[in-house]
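This report concerns only the one structure given below.
There are 4 protein chains.
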Amino acid sequence: MGMFKRFQLWKINKHRTEAFSDGVFAIIVTLLVLEIKVPPLNDHTSSQELLDALVGLSPKIISWVASFFFISVMWVQHHNLFRMSEKIDYGMVWLNDIFLLFICFMPFPTALMGEYPHNRPAVLLFGLDVTIASLVQVWMYYYVAKNYLLSHYDQKNVMRNVKRSFMLAPMLLIVATAVSFVSLVLPYIIYLIVPFFFLLPFDEEKENL
Amino acid sequence: MGMFKRFQLWKINKHRTEAFSDGVFAIIVTLLVLEIKVPPLNDHTSSQELLDALVGLSPKIISWVASFFFISVMWVQHHNLFRMSEKIDYGMVWLNDIFLLFICFMPFPTALMGEYPHNRPAVLLFGLDVTIASLVQVWMYYYVAKNYLLSHYDQKNVMRNVKRSFMLAPMLLIVATAVSFVSLVLPYIIYLIVPFFFLLPFDEEKENL
Amino acid sequence: MGMFKRFQLWKINKHRTEAFSDGVFAIIVTLLVLEIKVPPLNDHTSSQELLDALVGLSPKIISWVASFFFISVMWVQHHNLFRMSEKIDYGMVWLNDIFLLFICFMPFPTALMGEYPHNRPAVLLFGLDVTIASLVQVWMYYYVAKNYLLSHYDQKNVMRNVKRSFMLAPMLLIVATAVSFVSLVLPYIIYLIVPFFFLLPFDEEKENL
Amino acid sequence: MGMFKRFQLWKINKHRTEAFSDGVFAIIVTLLVLEIKVPPLNDHTSSQELLDALVGLSPKIISWVASFFFISVMWVQHHNLFRMSEKIDYGMVWLNDIFLLFICFMPFPTALMGEYPHNRPAVLLFGLDVTIASLVQVWMYYYVAKNYLLSHYDQKNVMRNVKRSFMLAPMLLIVATAVSFVSLVLPYIIYLIVPFFFLLPFDEEKENL
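Chains A, B, C and D supply the protein sequences, listed in that same order. Letter by letter, the first sequence follows residues 0 to 208 of numbering that gives the first Met the number 0. Letter by letter, the second sequence follows residues 0 to 208 of numbering that gives the first Met the number 0. Letter by letter, the third sequence follows residues 0 to 208 of numbering that gives the first Met the number 0. Letter by letter, the fourth sequence follows residues 0 to 208 of numbering that gives the first Met the number 0.
Below, the structure written as structure tokens:
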């Protein structure tokens, strides 16, 4: 933590960190679709065979949509986090890199879940990756609030909100794990619903930028 | 809609939303070419065999060019939409995400149409994706006009233009579906022609940025 | 051309056009490496077998390096072109899209040339793509000068330079085609040398931004 | 070197060079994960078989994490380098392109090392690529200091620091080569540890941007 103290001496170009992160978000969100491969057909002109093949691709399509919205939500929160920060430091850059590591990993669990939708570890690896990414993001909010990097926000209020609101994400994913023992369809439903809880930024203050 | 009301309380960094969207557009437009694979040759040095193989790739190349121009047109319109907006809110960010979902999906119908050029559902899925993306974009124009986010534009005029000009896109694609029952070459022609109707932004006002 | 006249009434956000183009350049330059695949080995721990396999990959690596520098040169010229322009219009955006179409196509001829280094059409398709991209770029320089979009540059001087300097690119590539009938090694050498002629921007005026 | 002299007459848009580089960094860091492929399973629903397959993927996952952090470190240093520069010139743009060439190559040695973790040349090619990229970056720091492109930094101090601090990178990688003759596990450990030495920018001056 003494090392983290030193990090704060270094000013970082917030714009480039955002640009790098936006690039990563944009690429991950688009790479995901590459896992939905053109299905092989015996009769290239058969409508019926193609439609059946498309139905067979539905687990991959659902995995893709769930991933897309999770990453979109992460982007919105990331955007919000950086908007709340007046400046960032080296500690923040490295937390951001750890966060991006788990975002970059997303195509793998997404593909795995799409390929083996009835295999528990495949379904839960997706939830695990999202949970860790969320927790690192909570840590980033906390770090920003703790280290007085906020702009026009009440530190105590933000820290209280961070603790309260964000425990939700891991909790819902723990639920996904629990219900997976009942049926492997349930985690899918949870993965599709959870993003809606994060449509709005967690901080309720109405400020005008 | 009450939820959408709340969204408007949140200011969004327009620049980052543009950067994220530009990243997605740039990646999709480049990923498309990955579907054009190097053809296997029996005789690696045979010019004739290679040229024949390249002719065989022509449906994929046409699919790729059609996709490229559709996405370019979408980018130009997206650019125009954000230029017309003075500011954006959370509702706009989520409409934008839904729009990008259908843009991100493009490589799949493009590859499918390139692989099975004589299969109706493959040819129409491309049109369907483009139509939905267009409609979400109309909705975004409408949303911007409706919610007083415009800069230096007459709200009524924009809303009238939105309703008039943009009904065209889905209509032309409905035509593509209809003519596909006559011949599967016709939708291709329509897909290649439609982008030209959108070379210019729909709004005719001459303003100086 | 009357249509092009109308294009000029529309102001375009130069920054977003640059951002979109930079995204495309960055992605193409990185996608190219994906064609260099990990070679299959019989003995996974054999150094000798791996080194032999790496030597076998050399045509792909040379193709990749040639592509990388061509696209870097294109980027430098693109950067220079936009720096010389005070503003851009719709005609410019569409010329830029046509230019990017041929840049986006690059991974295909690069892979083709890497796979079939002793097949003339494969080697020449690379040259053809680069030539067309160069010619569209000349057209863009010309368009900017012709339509009074220049900033702090003498129009006549720029137009004269455009005509003189840029005829070079296609000419060198015509030479590549000619020498390919002597030996297919010669075009490779030309592809690797040509970029060096464009290390510096063509316009010799010393202005301070 | 006379040619390099001329390069300095040309002003370059620093922002676009950063944007292009950020794009390349973001794409490389995300492309790396594509090498971690979904493993084939005999029994699609077997948890045990999937977990075993995931353990078998561990060399690829370790390669990926090592690559991710090396590229992150390179990005942080690149960011620092451009922050220290008041302006950049053509010589800098081309050094940057050579630097990016070796960054763009990264997915290949990463995949090679992940596929053949017990093959010395595969393990060392990774180290070689990182070393060359580091050395080009040292050259860039040196170039910036030498050519009076610095902003608010003492030239002599920076040049002394460049020489001292950065010899470390190649040295540690020479060690990786040496220890690879003892055991091929040791280079992995070094690859994972080295990035931590570069968490902080090398220049100790505390300036406020």
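No residue lacks a Cβ here, since even glycine has one placed at the ideal position from N, Cα and C. A quick note: this is a predicted structure, and the numbers were derived from the prediction, not measured.
Neighbourhood of L50(A) in chain B, by CB distance below 7 Å: P120, in chain order. In this structure, L94(A) sits near V135(A), with a CB-CB distance shorter than 8 Å. Among the CB atoms of chain B, none fall inside 8 Å of the CB of F19(A).
Around L111(C), the beta-carbon contacts reaching into chain B at under 7 Å are V37. DSSP places D21(A) in the helix class (H, G or I) of the three-state scheme.
The three-state secondary structure of I60(B), taken from DSSP, is helix.
In the DSSP assignment, N95(D) falls within the unbroken alpha helix (DSSP H) covering Y89 to F104.
Per the Cβ contact rule, the segment 106–121 of chain A is not in contact with the segment 82–89 of chain A (fewer than 3 Cβ pairs under 8 Å). Under the three-state reduction of DSSP output, I11(C) falls in the coil class, being neither helix nor strand. Rounded to the nearest whole angstrom, the C-alpha separation of S45(B) and S57(D) is 43 Å. Neighbourhood of I26(C) in chain D, by CB distance below 8 Å: G22 and I26, in chain order. Straight across, the Cα-Cα distance linking F69(A) with I173(B) is about 33 Å. Around the beta-carbon of D42(D), fewer than 16 other beta-carbon atoms lie within 10 Å, marking it exposed.
In the three-state reduction of the DSSP assignment, S46(A) falls in the helix class, which pools H, G and I. Between the alpha carbons of A52(D) and I189(A) lies a gap of roughly 26 Å. One alpha carbon belongs to L99(B), the other to A110(D), and they sit about 30 Å apart. Within the model, the alpha-carbon separation for V28(C) versus V122(A) is close to 35 Å.
Inclusion of P186(D) and V178(D) in the CB contact set at 8 Å is warranted, their separation being smaller than that value. Secondary structure of S84(B) (DSSP, three-state): strand. When 7 Å is used as the limit between beta carbons, T29(A) is near these residues of chain B: V23, I26, I27, L30 and C103, in chain order. At a cut-off of 8 Å between C-beta atoms, N146(D) does not count as an interface residue with respect to chain C. Not a single CB atom of chain B sits nearer than 8 Å to the CB of F67(C). Judged by DSSP in its simplified three-state form, K36(B) adopts coil rather than helix or strand.
When 8 Å is used as the limit between beta carbons, S46(D) is near these residues of chain A: N118, R119 and P120, in chain order.
With respect to the C-alpha of E34(D), the residue from F104(A), V32(A) and W74(A) having the closest C-alpha is F104(A). At a cut-off of 8 Å, the C-beta of L40(C) has a neighbouring C-beta in chain D. Contact annotation, W63(D) with V32(D): C-beta distance approximately 6 Å; criterion of less than 8 Å satisfied.
Between S71(A) and chain B, the shortest Cβ-Cβ separation is below 8 Å.
Among the residues of chain D, those whose CB is under 9 Å from the CB of P106(A) are T29, V32, L33 and I35, following chain order. Under the Cβ criterion of 8 Å, R82(A) is counted among the residues facing chain B.
The contact set of V54(C) on chain B, defined by CB atoms closer than 7 Å, is empty, because the minimum CB distance reaches about 17 Å. Interface residue (Cβ-Cβ distance to chain B less than 8 Å): W138(A) is not classified as such.
Below the 9 Å Cβ cutoff, chain A contributes I11, Y89, V92, W93 and D96 as neighbours of V75(D), in chain order. DSSP places F125(D) inside the alpha helix (DSSP H), whose first and last residues are R119 to K145.
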